[in-house]
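For the record, in the sequence shown the residue sitting at position 348 is 348 according to UniProt numbering, with numbers rising by one throughout.
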Amino acid sequence: MTQSREALTIMAESGPTFSKAGTLAVPRWAALLAAAVFVVSLVVTGLVVYSLTSCPPAPASPDEAARASGALDAAGPGGAKDKIDVRLPRSVRPVSYEISLLPFIKGNFSFRGEVAIILNVTEATNNVTLHAHELAVDESSVALTLQDVDASTGVPLGRQSRDPKRQFYVIKTKMPLKPGTYRIKLKFTGILSDDLQGFYRSSYIERNVTRWVAVTQFQSTDARRAFPCFDEPALKARFKLHLARPVDMTTVSNMPQQRNSTRVDGVPGYVWDHYEESVPMSTYLVAFAVTDFESRRSSMRNGTFAVWTRSEAVDQAKYALEIGPRVLEYFEKYFNIRYPLPKMDMMALPDFAAGAMENWGLITYREIAMLYQEGVSMTSNKQQVATVVAHELAHQWFGNLVTPSWWSDLWLNEGFASYVEYFGVNAVEPSWLILDQFVVSEVQMVFGLDALQSSHPVSIEVGNPDEIN
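Structure representation (structure tokens):
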């Protein structure tokens with residue numbers, strides 16, 4: 001086959017030539033190209049060989065796979081360790097508490113106390129296990145008695161110990177407890193902390209004077225920091241409180257005071273306030289406060305409705321006092337269930353971690369969530385006060401009267417209260433048309449949260465106190 005002249009000319013000019021000595025001469029650019037192709041071939045060949053001969057990673061062990069998925073807490077010396085069960089034994093259940101607390105607000109910010117708990121032992125057991133956190137229990141004071149029909153019989157006790165991880169205080173008995181009714185009594189001391197949890201201290205300045213108060217915030221797992229107890233929401237019981245205070249201060253709790261104050265023996269300047277026994281309720285709803293606040297009162301169907309604030313802010317609580325009884329009575333009709341307590345107190349605190357807390361009969365608020373001053377505060381503040389007040393009053397039914405057995409279903413408390421709060425506000429402020437705001441304020445916000453990659457189910461399994469809180 002012949003080629004054209006043009007092609008042959010190109011071949012003659014670019015092809016290899018032979019020297020006089022008979023050696024082959026190659027153009028420089030061709031040599032460089034050949035070298036580059038050679039190097040690239042070596043690299044590609046190496047990569048192919050490596051990929052074909054590399055061993056695949058060994059499959060993860062079952063423990064490693066479980067740990068990676070979050071099923072296990074941590075690996076111990078001998079392998080993986082299962083999650084710790086933080087739930088109390090179900091063999092012992094509380095029936096009622098009688099609590100005495102003496103807080104030294106004008107001293108070293110400590111408190112001492114005593115608790116007597118009536119127990120129902122449902123099956124044979126050799127211990128009484130309850131919660132106590134950051135409390136010093138006097139072991140020598142612990143006494144357990146069987147409550148017979150005619151008399152009580154002491155139960156010999158064995159070793160007492162703490163389980164810090166689960167915040168348990170365990171009291172062993174020398175012989176198994178048979179099913180029946182028992183009474184356990186403990187003395188203890190604690191510190192009025194400044195972390196806004198448990199039984200804590202707080203201060204505010206009024207007329208250039210620092211004033212101290214002692215209040216509680218127990219949800220979710222901080223009642224155990226105020227007194228030894230069975231601190232789980234399902235373990236409801238009745239509570240009777242004796243709370244000491246300086247003579248120039250006042251106390252408030254879930255229930256009304258039962259009788260006149262009596263002097264505290266050995267502590268000059270302090271008196272005891274004695275409170276009526278409560279309805280059965282969860283420990284996280286127990287509340288009490290020692291303050292120098294002022295109050296304003298109104299009436300409701302079956303008792304009194306009061307608001308408490310520092311004296312300089314008491315006039316700003318007028319709006320909350322105006323709508324509170326009306327919202328409460330509206331919910332009574334709406335649910336067709338009467339509010340079961342003989343009073344309601346709402347207290348605005350200058351130093352409070354949450355927006356508000358629905359303690360049964362004593363709702364505590366951050367000041368901004370309860371106080372409103374006509375002509376000074378914005379209209380949006382008025383709506384905020386109305387919504388928060390309605391939300392917390394709704395909790396008197398959703399959460400207090402009906403309570404999820406464990407914190408995994410806390411969404412039931414908050415979901416229902418967040419929904420019916422709109423009905424409560426609409427009942428007292430119909431001109432706001434607040435029901436029309438529900439889609440924008442709640443539904444759209446939820447859609448936005450649910451669209452996030454970090455979104456999670458509304459019911460989440462929780463175990464240790466850190467997860468719950």
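Every residue, glycine too, gets a C-beta built ideally from N, C-alpha and C.
Residue i - containing alpha helix (DSSP H), residue span
i    : result
V385 : 379–394
G107 : Counting along the chain, G107 falls outside any alpha helix (DSSP H), and DSSP gives it neither H nor E.
V446 : 444–450
E467 : 465–468
According to DSSP, residues forming a beta bridge with residue i
i    : result
R238 : S96
T153 : L146
S220 : Answer by DSSP bridge pairing: none, since S220 is not bridged.
E414 : E414 is not bridged to any residue.
S161 : V170
E461 : E461 is not bridged to any residue.
E421 : E421 pairs with nothing; no bridge assigned.
E114 : S100, K187
A136 : T189
V439 : BP columns for V439 are empty, so no partner.
V402 : F398
N426 : For N426, which the question treats as bridged, DSSP gives no partner whatsoever.
L119 : P94, Y182
Residue i: first and last residue of the uninterrupted beta strand (DSSP E) it sits in
i    : result
P176 : 168–177
L130 : 125–131
Residue i and residue j closer than 8 Å at C-beta
i    : j    : result
G424 : Y330 : yes
T283 : D345 : no
T173 : N208 : no
L196 : A353 : yes
V215 : L349 : yes
A244 : W212 : no
F227 : G113 : yes
R183 : Q160 : no
S91  : P233 : no
L285 : N359 : yes
P280 : A317 : no
A386 : A369 : no
I99  : F239 : yes
T181 : N120 : yes
S311 : F305 : no
K382 : Y319 : yes
G269 : P246 : yes
A124 : P179 : yes
A417 : A451 : no
W397 : F438 : no
S193 : Y204 : no
V128 : I171 : yes
S455 : L449 : yes
Integer Cβ distance of residue i from residue j, believed to fall under 8 Å
i           : j    : result
M249        : V290 : 6 Å
L186        : V115 : 6 Å
L157        : V142 : 7 Å
W407        : V462 : 5 Å
V86         : R162 : Rounded, the Cβ-Cβ distance is 14 Å, inconsistent with contact.
V389        : V307 : 10 Å between Cβ atoms; not a contact.
L101        : F109 : With 8 Å as the limit, L101 and F109 do not qualify as a contact, their Cβ atoms being about 14 Å apart.
F293        : M255 : The pair is not a contact, with the Cβ atoms about 18 Å apart (cut-off 8 Å).
I468        : T221 : 6 Å
P342        : G303 : 4 Å
L321        : R301 : With a Cβ gap of about 16 Å, L321 and R301 do not count as contacting.
residue 512 : A132 : Look at the range of the chain in this structure, 1 to 469, and you will see that residue 512 is not part of it.
V155        : T145 : 6 Å
E332        : I363 : About 16 Å; that fails the 8 Å criterion.
D436        : S202 : Incorrect: roughly 39 Å between the Cβ atoms, too far for contact.
R366        : L235 : Wrong, their Cβ atoms sit about 29 Å apart, outside the cutoff.
T309        : L401 : 27 Å between Cβ atoms; not a contact.
(message) If we require 3 or more residues per run, which beta strand (DSSP E) segments fall completely within the stretch 321–365?
(response) 343–349
(request) Could you name each continuous beta strand (DSSP E) segment of 3 residues or more that falls completely within the stretch 227–313, going from the start of the chain to the end? (result) 238–246, 250–253, 257–263, 270–275, 288–291, 294–300, 303–309
(message) As an exercise, report each continuous alpha helix (DSSP H) stretch of at least 4 residues that is fully enclosed by the stretch 173–217, in chain order.
(response) none
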